[in-house]
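Numbering (my numbering), first residue to last: 3 to 71. We put the beta carbon where it would ideally sit given N, CA and C, even for glycine. Worksheet for the structure shown next.
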């Protein structure tokens with residue numbers, strides 16, 4: 003298997019697990035304290051922030067690799 007494909011698969015697994023952990027942390031912190039609608043909204047906001055952060059990190063890795071080659 004190509005090294006690039008393996009690396010992409012690893013990054014995807016890490017990204018998805020990170021988003022899951024972030025949403026679960028929000029659920030554990032605010033679940034039962036606020037309404038379900040508010041909890042879902044907070045989870046969505048947290049996941050959007052996580053996706054932006056993960057996207058920035060992926061962009062930075064790609065940019066650095068282009069500079070190294």
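DSSP-derived helix/strand/coil call for residue i
i	result
residue 69	helix
residue 34	coil
Between the CA atoms of residue j and residue i - distance to the nearest angstrom
i	j	result
residue 40	residue 21	18 Å
residue 52	residue 12	17 Å
residue 33	residue 66	40 Å
Closest residue to residue i among the options (Cα-Cα distance)
i	options	result
residue 27	49, 63 and 54	49
residue 46	56, 29, 66 and 68	29
residue 44	6, 25 and 16	25
residue 57	5, 10, 4 and 6	10
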